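Reading through the structure tokens given below for one structure.
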Amino acid sequence: MDQETYIGWSSVPRGMKVRLDDFHTGWAHNDEMKAAGKKTAKKRALDILQMNRMSLSVAHDLFWTDKRYAILIILQGMDTAGKDGTIKHVMSGVNPQGCRVESFGIPTRHELNYPFLWRFWTAIPRKGEIGIFNRSYYEDVLVPKVHPEILDEQRLPPGYGSRSFWDARFEDICAFEKHLTNNGVIILKFFLHISYEEQRDRLVSRLRNEEKHWKYSPSDLAEREHWPIYQKAYEEIFFKTSTPSAPWYIIPADYKWVARMLVADLIIYSIHQLDLRYPEVSNAQKKELATALAKLQKR
Ligand code: AMP
Ligand code: MG
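In this note's numbering, the protein residues as written are 98 to 396.
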């Protein structure tokens, strides 16, 4: 099996009107998986994930040395979609020195002193690093859409909450991402797509299992009530912000092994697209190295 093309997962084309209901959340999302059957598909997915972890580790070493690009991975999804687990499983094996994970929650009073993109600016990965945003500025065109009243606390100029206010936020996000990609930041945006039923099962498991109690937040149940509005808000996000240089990938995530395999594969694929190289050593440097070696060998 040609691993590089095994998945061939495509991003949301620019300007595509997405209906999330039309996107699979399960494991049989393509004919090859379906034909293989669940058991074989799972085994294959786990093998690919394992291989990808190794290739990611190797590719990241070169990426880190090359130091001309950064990768920004944006992870979004409904509560329980598996963002934390994806980070843990996909990134294990990557040199922690060149990796940065930032999680974003409700903006603090301090953060609200600045325009909404400020807190993300200070968290973008440096060249050579893989940065992961566990939630991101996409929450700013999501949560206040569902709960417009939270904008009242954000000391915004008049007109907030209007159509042109949201359009301006989308425009800011696209301009921000354009600026990053123009300057060597590779952006990959993943939406971990779970079904309503799967979310219920995961919440039940959090409530039943003592070791998972810490993961449960009472807001999980409250936000679940707003499922259709969240889904609609996500559909608008994909429509307005998926671009060839900062694409959205809708990842079927009811099965963690599917989501992790796809995410790892897409990261590896995008690194392999780059013209990475070890820094060139000039003739003068080579001479210096030879002199240093000769000196050490003489003792
Ligand atoms: P968790 O990811 O479980 O730690 O929860 C973080 C919470 O912060 C989630 O409920 C997010 O929806 C919320 N959050 C993150 N960013 C924002 C934002 N910009 N505005 C409002 N809520 C946010
Ligand atoms: Mg939570």
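Positions of the beta carbon are idealized from the N, C-alpha and C atoms, including for glycine.
Source: prediction; values computed, not measured.
Out of the options, point me to the one whose CA is closest to residue i's CA.
{"i": "His126", "options": "Val355, Glu236, His369, Gln370", "result": "Val355"}
{"i": "Tyr234", "options": "Cys271, Ser259, Thr388", "result": "Cys271"}
{"i": "Arg150", "options": "Lys135, Val187, His121", "result": "Val187"}
{"i": "His323", "options": "Ala391, Gly134, His244", "result": "His244"}
{"i": "Gly225", "options": "Asn280, Pro254, Ile203", "result": "Asn280"}
{"i": "Glu129", "options": "Thr122, Leu117, Ala142", "result": "Ala142"}
{"i": "Pro193", "options": "Leu393, Pro315, Ser154", "result": "Ser154"}
{"i": "Glu295", "options": "Asn210, Gly123, Arg396, Arg116", "result": "Gly123"}
{"i": "Glu268", "options": "Phe288, Gly256, Leu214, His310", "result": "Leu214"}
{"i": "Glu333", "options": "Thr177, Tyr257, Asp237, Lys131", "result": "Asp237"}
{"i": "Tyr293", "options": "Asp144, Met148, Asp176, Gly134", "result": "Asp176"}
{"i": "Ile365", "options": "Asp249, Ala133, Val191, Leu393", "result": "Val191"}
{"i": "Leu373", "options": "Leu159, Lys140, Leu304, Met148", "result": "Leu159"}
{"i": "Asn452", "options": "Lys286, Gly256, Gly195", "result": "Because the chain is modelled from 98 through 396, residue 452 falls outside the range shown and cannot be assessed."}
Compute the Euclidean distance between the alpha carbons of residue i and residue j, then round it to the nearest angstrom.
{"i": "Trp263", "j": "Thr338", "result": "12 angstroms"}
{"i": "Asp163", "j": "Lys329", "result": "40 angstroms"}
{"i": "Gln100", "j": "Pro349", "result": "Here Gln100 scores only 39 on pLDDT, less than 50, and its place in the model is too uncertain to base an answer on."}
{"i": "Leu146", "j": "Arg216", "result": "32 angstroms"}
{"i": "Ser259", "j": "Phe201", "result": "25 angstroms"}
{"i": "Ala220", "j": "Asp298", "result": "34 angstroms"}
{"i": "Pro174", "j": "Glu246", "result": "According to the sequence displayed, residue 174 carries Gly and not Pro. Taking the straight line from one Cα to the other gives about 22 angstroms."}
{"i": "Pro344", "j": "Leu277", "result": "13 angstroms"}
{"i": "Pro341", "j": "Pro110", "result": "7 angstroms"}
{"i": "Tyr327", "j": "Val240", "result": "8 angstroms"}
{"i": "His121", "j": "His207", "result": "40 angstroms"}
{"i": "Met358", "j": "Ser152", "result": "13 angstroms"}
{"i": "Trp161", "j": "Trp106", "result": "26 angstroms"}
{"i": "Asp118", "j": "Gln251", "result": "33 angstroms"}
{"i": "Asp317", "j": "Glu199", "result": "21 angstroms"}
{"i": "Val301", "j": "Trp218", "result": "37 angstroms"}
{"i": "Lys131", "j": "Ser367", "result": "26 angstroms"}
{"i": "Ala178", "j": "Asn306", "result": "18 angstroms"}
{"i": "Arg165", "j": "Gln382", "result": "21 angstroms"}
{"i": "Pro376", "j": "Leu209", "result": "41 angstroms"}
{"i": "Gln394", "j": "Ser379", "result": "22 angstroms"}
{"i": "Leu304", "j": "Ala319", "result": "15 angstroms"}
{"i": "Thr205", "j": "Asp249", "result": "14 angstroms"}
{"i": "Glu308", "j": "Ser314", "result": "14 angstroms"}
How would you call residue i, buried or exposed, if buried means at least 16 neighbouring beta carbons within 10 angstroms?
{"i": "Ser108", "result": "buried"}
{"i": "Ile171", "result": "buried"}
{"i": "His369", "result": "exposed"}
{"i": "Ala138", "result": "buried"}
{"i": "Gly112", "result": "exposed"}
{"i": "Lys384", "result": "exposed"}
{"i": "Asp181", "result": "exposed"}
{"i": "Leu390", "result": "exposed"}
{"i": "Leu363", "result": "buried"}
{"i": "Lys242", "result": "buried"}
{"i": "Tyr352", "result": "buried"}
{"i": "Met98", "result": "Annotation note: pLDDT 35 at Met98 (below 50); position unreliable, coordinate value reported separately. Counting Cβ neighbours within 10 Å, Met98 comes out exposed, since fewer than 16 surround it."}
{"i": "Ala387", "result": "exposed"}
{"i": "Val360", "result": "buried"}
{"i": "Lys140", "result": "exposed"}
{"i": "Gly195", "result": "buried"}
{"i": "Ile347", "result": "buried"}
{"i": "Arg266", "result": "buried"}
For residue i, which residues does DSSP report across the bridge?
{"i": "Tyr196", "result": "In the sequence as presented, Tyr is not what sits at residue 196; that position holds Cys. Its beta-bridge partners are Ile227."}
{"i": "Ala167", "result": "Val282"}
{"i": "Ile347", "result": "Phe288"}
{"i": "Pro359", "result": "For the sequence presented, residue 359 should be read as Leu rather than Pro. DSSP, once it has assigned bridges, lists no residue as partnering Leu359."}
{"i": "Gln173", "result": "Phe288"}
Just confirm the distance between the C-beta atoms of residue i and residue j, as a whole number of angstroms; I'd bet it's less than 8 angstroms.
{"i": "Pro222", "j": "Ile168", "result": "7 angstroms"}
{"i": "His157", "j": "Ile229", "result": "Not confirmed; about 13 angstroms, so no contact."}
{"i": "Glu274", "j": "Ile284", "result": "6 angstroms"}
{"i": "Lys114", "j": "Phe336", "result": "6 angstroms"}
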